[in-house]
Amino acid sequence: MEADRKWADYLFNHLDRRTGSRSVALRQKPAQGTFLQIVVHIDAKGKHDYSAVLDGDVLRLTACDEDKMLWLIYQFLASGADPRIEASDLPPAMIDIAHAEGDFAFEYRGIYSPSNADPELMPVTASHHVDYDWGLWGHNLRRVFPGEVPEEALAWVDGQRDENQFCFSSELFFKAVEAYVTDNYGEAGGVRFAIMPNDNGAVCACKACTAAGNTRKMATPSVSRFIRRLAERYPHHLFFTSSYRTTEVPPAEPLPQNAGVIISAMDLPLWPDFAGKRPAENFSRKVKEWRKVVSRIYVWDYMRNFDDYFTPYPCLGVLSERLRYFHSLGVKGLFYNGSGYDYASFDDLQTAALACMLINPDLPLESYTERYLKRFYPHASDILLPAYLSWEHTVKEREALLPSYGGIADAVAAWLDPVEFGAFCDRLDGCAKQTDGMERRRLNELLTALQFTRLELLRMPAGAYDERKADLYLESLYGYTAFSGMRNYREAFGSVQSYLEEWNVLKTENRESQNPLKGIRLSCQPAEDENAASLPVLTDGLYALPSDYHTGWFIASSRRFVLQVPPGKISDGAVLELSLLYAPAWHIFLPASVEVWQGEGKMASFGLPPVGEKEVFSKQRVSCKLETVNPDIPVELRFMQVAAARASVACDEIKVY
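Numbering-wise (our numbering), the sequence shown opens with residue 211 and increments by one.
And the structure:
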């Protein structure tokens with residue numbers, strides 16, 4: 211067969227290149243000597259997606275299509291079956307090349323991570339990437355218009371056109387999508403398109419959309435009708451809606467066979483042994499409802515703490531459980547949202563293992579982790595392996611929640627021991643100095659990222675803040691500029707350079723924090739449980755970073771609340787200073803008012819500064835002078851929130867001078 215000859219030639223050429231010798235790989239059976247005959251065969255009607263069988267001196271590699279044959283050939287090259295084959299650049303094989311057969315668990319295996327950003331490597335690992343294999347992805351329909359979106363294509367919301375949402379009954383909009391598909395991808399088929407409303411709660415209420423069944427909060431009827439038209443117009447392409455926000459509810463009628471849905475797993479927390487818990491029951495119910503109307507269900511899942519890419523995130527064990535669960539529900543595709551093109555600690559290992567688990571969720575994780583680290587970190591694997599596996603084991607033992615948006619305290623609660631982590635970093639640093647080449651570069655990049663974690667541990671409340679250590683870690687983190695993918699440490703507003711600049715300000719703040727209230731325990735009314743543990747940060751002499759509300763801030767969400775200073779701690783003529791956070795994107799605002807009272811008498815009010823509406827986050831210091839203070843009764847700070855939905859107030863330090 212022509213396809214078999216093509217792949218036989220492909221294998222021969224790669225063996226020729228990777229052995230570096232014309233005498234190792236031969237096209238014909240030798241007249242004498244020891245040899246291994248390799249037979250490749252494409253069998254679209256075979257029992258399994260792939261098989262590898264060694265029978266005497268014949269190795270038969272069989273795959274159901276050309277994509278899987280390419281993957282299978284690289285499994286052979288990476289297997290170590292012949293030490294003369296140079297494969298140090300390839301991830302370890304996941305199958306026993308002498309005897310293996312099986313089916314890919316999922317048809318779509320997307321990983322959005324820096325270690326899966328090379329389009330030439332994706333076929334080798336049989337993985338996908340949204341930037342390369344979707345005609346349209348995410349909330350990105352605006353791109354079908356070369357210029358401004360015509361008014362006719364915009365949603366009708368509250369009596370006017372909404373430039374942030376589309377009308378899915380607009381014929382002009384449909385023609386624009388149709389032209390985009392035809393002009394860029396033709397009609398031959400095989401391309402996936404995501405047709406999703408913009409990421410907001412707006413729903414078109416024009417006559418056509420309302421007649422289709424749209425409600426104020428649900429756009430499913432008009433969106434599903436739009437997708438039906440596209441699926442019927444292009445029967446060989448695949449079109450997906452999303453089960454999210456205004457399209458969370460499935461349509462009333464089944465869609466064509468080439469239509470599907472992408473369901474977000476954000477409401478399915480990343481914790482071990484989750485399958486029997488209520489979030490899993492809700493998710494299963496949602497999948498079963500969608501299976502009634504679409505033939506393909508893909509899941510959008512998560513593999514990172516999006517507020518901290520640099521702290522190790524031991525997620526493989528949890529992801530393995532989730533993949534087995536998704537497979538049991540009949541899910542056909544997965545998209546794993548990682549750190550995109552930004553560096554994440556251990557992303558190389560985790561991406562390689564995840565690519566394997568998307569083929570076989572039962573991959574022996576510990577064995578694969580060991581083989582991967584020994585291949586790519588031959589000198590440091592004895593340090594990396596026990597550390598990484600211990601973090602995975604701790605998550606499992608504690609049944610810990612892996613945060614999707616969390617701070618350093620969440621990592622410590624779930625898996626990270628600060629003392630052991632410091633010792634690990636020191637050992638790894640010593641080892642890195644004895645290595646060279648690519649291993650040295652990989653270790654230097656990892657060690658640079660880990661300085662961020664060490665700095666975060668210094669900032670923890672009741673932690674061991676040490677400016678001398680901070681200077682050492684900051685100096686190392688400044689080395690991020692040597693690595694092109696290390697500009698950001700989190701998803702949004704995560705510039706490493708800005709973080710370093712904030713730290714320099716923080717050191718000055720902490721150095722100058724001479725406060726008579728230091729160590730004095732304040733009280734709060736109402737006594738909100740979630741805030742009680744963080745009260746000590748108000749008088750610990752340590753300030754927080756404005757870019758991170760997770761660490762070092764006391765946050766209160768009650769409409770009115772009172773902070774009380776014990777009697778005798780503030781004297782006549784004292785100046786009382788508050789350090790407040792303004793971060794409207796996180797629903798953290800300056801209070802509407804803060805008044806100082808003793809008993810039934812108001813003593814003073816804080817003057818609150820105006821803030822810019824477009825300001826992402828900033829720290830604001832406000833103060834007031836107390837002329838006469840009764841030493842026998844407490845001083846109360848009475849806060850009033852602004853009139854905004856889900857408003858909170860955050861304060862990192864209350865100071866007296």
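Glycine included, each C-beta is placed from N, C-alpha and C at the ideal position.
When the options are compared against residue i, the one with the closest alpha-carbon
{"i": "Ala784", "options": "Val772, Ala814, Tyr792", "result": "Ala814"}
{"i": "Gly290", "options": "Ser705, Tyr444, Asp306", "result": "Asp306"}
{"i": "Leu732", "options": "Arg721, Glu722, Leu748, Lys717", "result": "Leu748"}
{"i": "Asn515", "options": "Glu837, Phe827, Gly617, Asp265", "result": "Gly617"}
{"i": "Leu382", "options": "Phe662, Arg352, Ser781, Gly632", "result": "Arg352"}
{"i": "Leu478", "options": "Tyr535, Thr451, Ser432, Pro445", "result": "Tyr535"}
{"i": "Pro293", "options": "Ser767, Leu836, Val234", "result": "Val234"}
{"i": "Glu373", "options": "Glu491, Pro524, Thr392, Cys414", "result": "Cys414"}
{"i": "Val497", "options": "Gly543, Pro522, Thr456", "result": "Gly543"}
{"i": "Val845", "options": "Ala563, Ala398, Lys835", "result": "Lys835"}
{"i": "Ala932", "options": "Gly399, Asp511, Ala563", "result": "Missing from the structure shown is residue 932; the chain here goes from 211 to 867 and no further."}
{"i": "Pro613", "options": "Met476, Ala857, Ala490, Ala485", "result": "Met476"}
{"i": "Pro726", "options": "Asp226, Leu773, Val772, Gly778", "result": "Gly778"}
{"i": "Val832", "options": "Ser789, Arg856, Ala766, Ala855", "result": "Ser789"}
{"i": "Asp558", "options": "Ala327, Tyr284, Val852", "result": "Ala327"}
{"i": "Arg769", "options": "Val839, Ser858, Asp620, Asp782", "result": "Ser858"}
{"i": "Ala398", "options": "Cys377, His446, Asp275", "result": "His446"}
{"i": "Leu638", "options": "Trp625, Leu653, Ala624", "result": "Leu653"}
{"i": "Ser767", "options": "Trp713, Cys861, Ala674", "result": "Cys861"}
{"i": "Tyr260", "options": "Gly550, Leu282, Ala565, Asp552", "result": "Leu282"}
{"i": "Phe314", "options": "Glu358, Val806, Lys257", "result": "Lys257"}
Burial state of residue i (16 or more Cβ within 10 Å)
{"i": "Phe449", "result": "buried"}
{"i": "Lys865", "result": "buried"}
{"i": "Leu246", "result": "exposed"}
{"i": "Tyr342", "result": "exposed"}
{"i": "Asp883", "result": "No answer is possible for residue 883: the residues shown for the chain start at 211 and end at 867."}
{"i": "Val509", "result": "buried"}
{"i": "Glu863", "result": "buried"}
{"i": "Met332", "result": "buried"}
{"i": "Lys829", "result": "buried"}
{"i": "Arg904", "result": "In the structure displayed, the chain extends from 211 to 867; residue 904 sits before or after that span and is not available."}
{"i": "His760", "result": "buried"}
{"i": "Val250", "result": "buried"}
{"i": "Tyr683", "result": "buried"}
{"i": "Leu236", "result": "exposed"}
{"i": "Gln808", "result": "buried"}
{"i": "Tyr867", "result": "exposed"}
{"i": "Ala854", "result": "exposed"}
{"i": "Arg455", "result": "buried"}
{"i": "Val629", "result": "exposed"}
{"i": "Pro801", "result": "buried"}
{"i": "Asp627", "result": "exposed"}
{"i": "Pro460", "result": "buried"}
{"i": "Asp267", "result": "exposed"}
{"i": "Glu666", "result": "buried"}
Beta bridge counterpart(s) of residue i as assigned by DSSP
{"i": "His338", "result": "Gly320"}
{"i": "Thr698", "result": "Residue identity check: residue 698 is Asn in the sequence provided, not Thr. Ser705, per the DSSP bridge assignment."}
{"i": "Trp366", "result": "Arg371"}
{"i": "Lys865", "result": "Glu787"}
{"i": "Ile593", "result": "Looking at the DSSP assignment, Ile593 forms no beta bridge with any residue, so it has no partner."}
{"i": "Trp807", "result": "Lys812, Glu846"}
{"i": "Ile473", "result": "Ser453, Val509"}
{"i": "His309", "result": "Val263"}
{"i": "Ser833", "result": "Glu787"}
{"i": "Asp270", "result": "According to the sequence as given, residue 270 is Arg; it is not Asp. Answer is Val249, Val263, bridged to Arg270."}
{"i": "Ser828", "result": "Tyr792"}
{"i": "Leu346", "result": "Phe403"}
is_contact[residue i, chain C] using C-beta, thresh 8 Å
{"i": "Lys487", "result": "Among the chains of the structure shown, chain C does not appear; only one protein chain is present."}
Let me know the alpha helix (DSSP H) ranges lying completely inside the stretch 603-663, each 4 residues or longer, listed in chain order. As far as the stretch 603-663 is concerned, its whole alpha helix (DSSP H) runs of at least 4 residues are 618-624, 628-642.
Taking 8 Å as the threshold, find out whether the stretch 462-469 comes into contact with the stretch 490-507 through three or more Cβ pairs. Yes: the two stretches touch, three or more of their Cβ pairs being nearer than 8 Å.
For the stretch 516-533 and the stretch 283-303, state whether three or more C-beta atom pairs, one from each stretch, are separated by less than 8 Å. With fewer than three CB-CB distances shorter than 8 Å, the stretch 516-533 does not count as touching the stretch 283-303.
For the structure I just gave you, are there three or more beta carbon pairs, one from the stretch 686-700 and one from the stretch 654-662, closer than 8 Å? yes
Touch test, the stretch 318-330 against the stretch 600-608, Cβ-Cβ under 8 Å, three pairs minimum: no
In chain order, which continuous runs of the alpha helix (DSSP H) of length 4 or greater are located wholly inside the stretch 519-584? 526-538, 557-567
Quick check on the DSSP output: what are the complete beta strand (DSSP E) runs of length 3 or more inside the stretch 711-799, in order along the chain? Taking 3 residues as the shortest admissible run, the stretch 711-799 contains the following complete beta strand (DSSP E) segments, listed from N- to C-terminal end: 733-735, 764-766, 770-775, 784-792.
Beta strand (DSSP E) runs wholly inside the stretch 391-471, at least 3 long, in chain order: At a cut-off of 3 residues, the continuous stretches assigned as beta strand (DSSP E) that sit fully inside the stretch 391-471 are 402-404, 448-453.
With contact counted as at least three CB pairs below 8 Å, one residue from each stretch, are the stretch 670-683 and the stretch 637-647 in contact? no
Does the contact criterion of 3 or more C-beta pairs under 8 Å hold for the stretch 633-642 versus the stretch 706-725? no
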